[in-house]
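First residue of the sequence shown: 42, per the working numbering; consecutive thereafter.
Just so you know, even glycine gets a beta-carbon here, dropped at the ideal spot from N, CA and C.
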Amino acid sequence: MAQSATLLVRDLPQAEYFGALVEIIKAVAKINTDTEISLKERVKTLVYVDDKANNIHRQLCQDYLQSKGGSKGYLPTILAYWHELSSAYQICLRLYKSHPNAVPDDEIRIITTRGLHHQMRLIAWNSLRYLKPEGSAWQNGFRFYSQAEESGFARHPVKLYLNSPEEFSCEQLLIQAGMLFLAQTDNMLHREIVAVDQLLMMLSQGIPLDKQPPVEGPIFVYNLSMPEPPQAMLRGMAGKWHRYWSAYVITSRLADLMFDLDRRIPPALAAMDGNLEREEWAILCEKLAIRWSTDGGKSLRKSERSLHASNALVNIGFERVAYQVKVQDVQEHDSERASDWRINDISATGMGLTFIGKAVEQLAIGRVILVKAENHPLLLGVIRRILRQSNGTKVGIEILGQSPVGVSLLDPERPESPPSTAIYITQPNSRKGQRCFLMPKALTQPDKQLVLAAQGKSYQIRLKTPQHEYEDCSHSDFDTLSKVD
Numbered sequence: 042m043a044q045s046a047t048l049l050v051r052d053l054p055q056a057e058y059f060g061a062l063v064e065i066i067k068a069v070a071k072i073n074t075d076t077e078i079s080l081k082e083r084v085k086t087l088v089y090v091d092d093k094a095n096n097i098h099r100q101l102c103q104d105y106l107q108s109k110g111g112s113k114g115y116l117p118t119i120l121a122y123w124h125e126l127s128s129a130y131q132i133c134l135r136l137y138k139s140h141p142n143a144v145p146d147d148e149i150r151i152i153t154t155r156g157l158h159h160q161m162r163l164i165a166w167n168s169l170r171y172l173k174p175e176g177s178a179w180q181n182g183f184r185f186y187s188q189a190e191e192s193g194f195a196r197h198p199v200k201l202y203l204n205s206p207e208e209f210s211c212e213q214l215l216i217q218a219g220m221l222f223l224a225q226t227d228n229m230l231h232r233e234i235v236a237v238d239q240l241l242m243m244l245s246q247g248i249p250l251d252k253q254p255p256v257e258g259p260i261f262v263y264n265l266s267m268p269e270p271p272q273a274m275l276r277g278m279a280g281k282w283h284r285y286w287s288a289y290v291i292t293s294r295l296a297d298l299m300f301d302l303d304r305r306i307p308p309a310l311a312a313m314d315g316n317l318e319r320e321e322w323a324i325l326c327e328k329l330a331i332r333w334s335t336d337g338g339k340s341l342r343k344s345e346r347s348l349h350a351s352n353a354l355v356n357i358g359f360e361r362v363a364y365q366v367k368v369q370d371v372q373e374h375d376s377e378r379a380s381d382w383r384i385n386d387i388s389a390t391g392m393g394l395t396f397i398g399k400a401v402e403q404l405a406i407g408r409v410i411l412v413k414a415e416n417h418p419l420l421l422g423v424i425r426r427i428l429r430q431s432n433g434t435k436v437g438i439e440i441l442g443q444s445p446v447g448v449s450l451l452d453p454e455r456p457e458s459p460p461s462t463a464i465y466i467t468q469p470n471s472r473k474g475q476r477c478f479l480m481p482k483a484l485t486q487p488d489k490q491l492v493l494a495a496q497g498k499s500y501q502i503r504l505k506t507p508q509h510e511y512e513d514c515s516h517s518d519f520d521t522l523s524k525v526d
């Protein structure tokens, strides 16, 4: 079995790397179930297979994150690679406890660090999918870390692969994953989560994970005996399984980057794969500074919400919502099934819902959403937070206003083109006291003149610079030039 896996990766077909990786994962899974393989041969085979397959796996990850053509189906394979190898390294460590002289120390260091890396990558990619990590994911990571601590190399940086430019210690990998969790990524865009993940690889270098709380705060803590994520330290959090770190150095490094961002994108950020503009980096770093503060940004909700339990009719996506409000007929058969959506709480500016349906791919941060609730005007909002859990997906929305109106937009320069639909909320119905005008991104050019038609009347308007870019439309304002007869 070990020999066949070795031969498989030795002759990898680079042109068909996706299919090749699927076969490698199957081979590793078979090794995991084979009890006849010696520890020495098992470790040697797994390290070799991981070495050879790493470049292919990295390419798959890159293609998926950049949404390359055909990459949508890569996700299960990407996750299975980390999962099977993490399980394989875990088996090695269990066997090592019974045969401590069977494998050299440097090989134990490699499989422990790689195992922790793979386990923490699974947790990081949960963030990309807005999934709450299961407790077992943290617990498996703690097992690798405890081995590193017992063996005395938890703080020693290791080059994971021969072709890797970076070195990681087990300590850094655990802190990096913890800080990513504490970044509260459930209301970030995919590219922001990718950016934070990369940023933390740099910010978390050299931060000690101690058995005693440090002096400087904010202080965060893991309990290695509990299958739970890290949290801010509270009074009474003490014991032999607690491991503490101070985010002071991380937030200081972040502050230096924010200072540089006033003028330019620092070289350290420019070198990352993320495609954020300078202003986007500045906003993201400010968000992180607040979330990693002592209260974790918990006090930032704009309005207190009151509990409100009822079913709701929901439509998602600008085009679908624009059509619904234009025909003024939000019926159950045109919406997501009412039984799939439940309102949990509501405030003057936001709403919390739970979605128990299957079509989670329709949910995206920044996408427009229309909610019809009992005894409540029709509400237009934008999705700001997503958290997938076993009992349903929690969706937090910012309310833009109530009683939206569908309007038509004609482009005088293209009279043969069919009219586009936009969404208009008058000033009294807008949550921010300013009229809200959502329109297709393709039309949002400053100073562009259009004809707006609504309720039997037409007006010539001139667009202003877009105020916000949402996931599937733009929020603009306009000047009314004249009435069109």
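Proximity of residue i and residue j at Cβ, strictly below 8 Å
| i | j | result |
| --- | --- | --- |
| N167 | S128 | no |
| V199 | R150 | yes |
| W282 | D251 | no |
| Q501 | L479 | no |
| L80 | S187 | no |
| I97 | A121 | no |
| E212 | P249 | yes |
| Q173 | Q430 | According to the sequence provided, residue 173 is Lys. The question's Gln does not apply to it. Yes, these two residues count as a Cβ contact at 8 Å. |
| I384 | W333 | no |
| I119 | A94 | no |
| I410 | I427 | no |
| M161 | L223 | no |
| T434 | G447 | no |
| R294 | L244 | yes |
Residue(s) in a DSSP beta bridge with residue i
| i | result |
| --- | --- |
| T462 | S449 |
| M392 | I387 and I438 |
| H516 | L479 and H509 |
| E433 | The sequence shown places Gly at residue 433, not Glu. G433 pairs with Q430. |
| D227 | DSSP lists no partner for D227. |
| V525 | S499 |
| W286 | F261 |
| N142 | Note: N142 sits in no beta bridge, so no partner. |
| E208 | K200 |
| Q272 | V262 |
| Q443 | L420 |
Alpha carbon of residue i to alpha carbon of residue j, nearest angstrom
| i | j | result |
| --- | --- | --- |
| Q365 | P460 | 16 Å |
| I387 | R476 | 22 Å |
| N16 | G474 | Residue 16 cannot be examined here, being either before or after the span of the chain that is shown, 42 to 526. |
| S340 | K367 | For S340, the predicted model reports a pLDDT of 40, less than 50, meaning its position is unreliable; a value from the coordinates is still stated below. About 38 Å. |
| V90 | Y171 | 31 Å |
| V362 | V492 | 21 Å |
| L504 | M220 | 42 Å |
| M242 | H417 | 46 Å |
| A218 | G156 | 14 Å |
| F359 | R408 | 7 Å |
| E82 | A405 | 46 Å |
| S517 | A279 | 53 Å |
| P453 | G497 | 18 Å |
| W123 | Q272 | 25 Å |
| D147 | D92 | 15 Å |
| Q508 | P481 | 13 Å |
| S210 | D303 | 32 Å |
| R472 | L420 | 10 Å |
| L201 | T154 | 7 Å |
| P308 | R319 | 12 Å |
Span of the alpha helix (DSSP H), counted from its first residue to its last, around residue i
| i | result |
| --- | --- |
| C211 | C211 to L223 |
| V235 | H231 to L244 |
| G422 | Looking at the DSSP string, G422 is not in any alpha helix (DSSP H); the run it does join, the beta strand (DSSP E), is L420 to Q430. |
| R150 | D146 to L169 |
| V262 | Element bounds for V262: not the alpha helix (DSSP H) but the beta strand (DSSP E), I260 to N264. |
| Q188 | G176 to S192 |
| V527 | An answer regarding residue 527 cannot be provided, because it is not within the stretch 42 to 526 covered by the chain. |
| K93 | L80 to L106 |
| R361 | F359 to V368 |
| W322 | R319 to R332 |
| N73 | Y58 to T74 |
Residue range of the beta strand (DSSP E) that includes residue i
| i | result |
| --- | --- |
| A495 | Q490 to A495 |
| K413 | V409 to A414 |
Minimum C-alpha distance to residue i - residue among the options
| i | options | result |
| --- | --- | --- |
| T467 | A495, N316, Y115 and R455 | A495 |
| Y130 | Y115, Q107, A70 and I164 | A70 |
| G176 | S205, E510, E64 and M267 | M267 |
| F300 | I324, K113, G277 and T485 | I324 |
| A189 | N204, H158 and Y465 | H158 |
| S205 | E415, R99, L136 and I78 | R99 |
| T76 | Y263, L136, L310 and Y465 | L136 |
| I260 | Y289, C102 and R184 | Y289 |
| L484 | D513, D314, P469 and V144 | D513 |
Neighbour flag for residue i against chain D, beta carbons, 8 Å
| i | result |
| --- | --- |
| L172 | Judged by its chain identifiers, the structure shown contains no chain D, having just a single protein chain. |
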